[in-house]
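Contents: one structure, followed by commentary.
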C-alpha cells in the first residue's frame with residue numbers, strides 16, 4: 001500500500017482543484033456572501049472562527065482541509081486497511097463489533113478535526129461544499145472503502161441539518177459533529193433492495209404530530225452504531241399512497 005498524501009500526489013484531483021473547477025461559482029453559491037465570517041466578526045462565535053471572508057480565503061480553507069484529509073488517508077488509514085479487512089466485523093447477541101484498528105482510525109480522524117467535514121460550521125462542522133466533500137470521500141475510499149462509508153454515514157448529519165426540524169437539528173447535529181452520535185441508513189427491505197421506489201414501510205403522523213413507522217428493514221448500514229457510539233437511523237419510508245412510487249417516499 002502506497003503511503004503518501006493522497007491529495008497532493010493525486011494528479012487528477014490537483015488538476016481539477018487548480019484548473020478545471022469553477023470555484024467562484026461554487027463559493028458564491030455556497031458561502032452566501034461569506035455570511036459565517038460576518039457573523040463571527042459581529043459576535044465572535046468561536047465555531048465560525050475559521051469561516052472564510054473572501055474567495056481566496058475560501059479556496060485556501062478547502063485546500064487545507066483536503067491536504068489534511070489526504071495526509072491522514074494516505075499515511076494513517078491506508079497502512080491499516082489490510083488489518084481492518086483481516087479482523088473484519090463480528091456479530092454476536094444482536095450487536096456488530098468493528099475492528100479495533102478501524103475504531104482507532106476513526107478516532108484519529110476525529111482528533112484531527114476533519115471528521116464533520118460536511119456539517120455546517122454553526123453546528124461544529126467544517127462546512128465545505130459538495131465538491132470538496134466528494135474529493136474527501138475519494139481520498140478515504142482509496143485508503144479503505146469501508147472506512148470511507150463510515151465517514152459518510154457520520155456526515156448524514158448534513159441531511160438532518162438541511163431538512164430536519166429545529167428540534168431534530170438541535171438534538172442530533174452538534175453531537176454528530178462531535179462524534180458522540182453516528183449516522184445510519186435504513187433503506188433496504190426484505191422484498192425491496194435496489195427497487196426502492198416500491199418499498200412498503202409506512203410513516204404515518206398521529207394526532208399528536210408524531211410520525212410512527214410500520215414495516216421491516218434489513219441490511220441497515222451502521223444500524224448498531226459504531227463501536228460504543230449510538231446511531232441516529234435515517235429511515236426511508238412511504239408517506240404517500242402505496243402506489244406513489246419514489247415521490248411518496250420520505251426520510252424519517
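In UniProt numbering, the protein residues as written are 1 to 252. Using N, Cα and C, we set each Cβ at its ideal position, and we do this for glycine too.
1) Can you name, in chain order, every residue of its own chain whose Cβ lies under 7 Å from the Cβ of residue 250, other than the five neighbours on each side?
2) What residue does the alpha helix (DSSP H) around residue 182 start on, and which one ends it?
3) Counting only the same chain and skipping the five closest in sequence on each side, list residues whose C-beta sits under 6 Å from that of residue 177.
4) Go through the stretch 36-101 residue by residue and report every complete run of the alpha helix (DSSP H) that reaches 4 residues or more, in order.
5) Specify the secondary structure class of residue 128 as computed by DSSP and reduced to three states.
6) I need the straight-line Cα distance from residue 243 to residue 129, nearest angstrom please.
7) Which residues does DSSP pair with residue 221 in a beta bridge?
8) Just verifying my parser: in three-state terms, what is the DSSP assignment at residue 243?
9) Alpha carbon to alpha carbon, how far is residue 103 from residue 15?
10) Taking C-alpha atoms, which residue in 60, 154, 57, 42 lies nearest to residue 223?
11) Which residues in the same chain as residue 98 place their Cβ atom closer than 7 Å to its Cβ, once the five residues preceding and following it in sequence are excluded?
12) Just the Cα atoms here: how many angstroms apart are residue 335 and residue 106?
13) DSSP three-state call for residue 227: helix, strand or coil?
14) How is residue 34 classed by DSSP in three states: helix, strand or coil?
15) Using the Cα positions of residue 276 and residue 40, report the straight-line distance between them to the nearest angstrom.
16) In angstroms, rounded to a whole number, what distance separates the CA positions of residue 197 and residue 108?
Reading it off the structure:
1) 203, 237, 239
2) Element bounds for residue 182: not the alpha helix (DSSP H) but the beta strand (DSSP E), 182-186.
3) 116, 119, 123, 124, 125
4) 55-72, 81-87
5) If DSSP states are grouped into helix, strand and coil, residue 128 belongs with coil.
6) 35 Å
7) 185
8) coil
9) If I take the Cα positions, the gap works out to 33 Å.
10) 154
11) 89, 226, 227
12) Lying before the first or after the last residue shown, residue 335 is absent from the chain, which here runs from 1 to 252.
13) coil
14) In the structure shown, residue 34 sits in coil (DSSP, three-state: anything other than H, G, I, E or B).
15) Nothing about residue 276 can be reported from this structure: the residues present for the chain run from 1 to 252 only.
16) 38 Å
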